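Data block below; observations after.
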Amino acid sequence: IIDANFRALYRDARDIDDLVNGDPFARLKWPRKVVPSPDPFDEAERDLVVDYFWRKHRLFHPFVVTAFRTGLRPAEPIGLRWGDVDIRRGSLTVRRSRTMGEDNAPKTTKAGRTIRLLQDVVAVLRDLRPLRLPEDAFVFTNQHGLPLDNEHFVDRHWHRALRATGVRPRKFYACRHSFISVALTLGVNIKWLADY
């Protein structure tokens, strides 16, 4: 974060304001960032975790089902509003992502998309939706009716669920990897999956 901001400040001082010459970063060698490989849950692990939330923390069950069964990035279901969900058509539209309590644009241009929902996701969202609610109301909320906070959810509920079920610890993001892995195992079209 500091690196990117400092580089941008220096670039603007050089290119826009003509305050400095040269590039002090040209000869710096940054260590290569090690990115861990995806580590998806298998279907049995996924089902154990989903069942745990059904039995122990039913408020978060629809959120967990949606994460596992849509492949959305964690910030995308957190940012969902009821106006983004079409229960009758069985679809949802990703218009934003929500991190650190703020709405942001989706991660990439293609991340803004409309996806068809599996019937089990449609069912949990239908059961979750109140009769009268403004279109801009959050789909997934905490006990106080406030939008979910990803870090708080992971710290207080996600890790506890994995320990309680005996499932090897993984990041919540692994729900996305699990959806992709299961879809590939079932033989879905790779182009369709990439667009989805």
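Residue numbers for the sequence shown follow the working numbering, beginning at 1 and rising by one. Cβ atoms here follow ideal geometry from the backbone N, Cα and C, with glycine treated the same way. Here the structure is a predicted model, which means the values were calculated and not measured.
Around the C-beta of I78, 16 or more other C-beta atoms lie within 10 Å, and the residue is accordingly described as buried. The C-alpha of M100 lies about 31 Å from the C-alpha of Q119.
T99 sits in a strand when the DSSP states are folded into three classes. Closest in alpha carbon position to R168, among V35, G22, V49, A13, is V49. Taking C-alpha positions only, K110 is separated from R55 by approximately 36 Å. Taking the C-beta atoms as reference points, A105 is found no nearer than 8 Å to R98. Assignment of alpha helix (DSSP H) within the region 102 to 150, counting only whole runs of 4 or more residues, yields 119 to 128 in chain order. Excluding the 5 residues flanking it on each side, H57 has same chain C-beta neighbours closer than 8 Å at H157, A161, in chain order.
Per DSSP, the continuous alpha helix (DSSP H) segment holding S181 begins and ends at 174 to 185.
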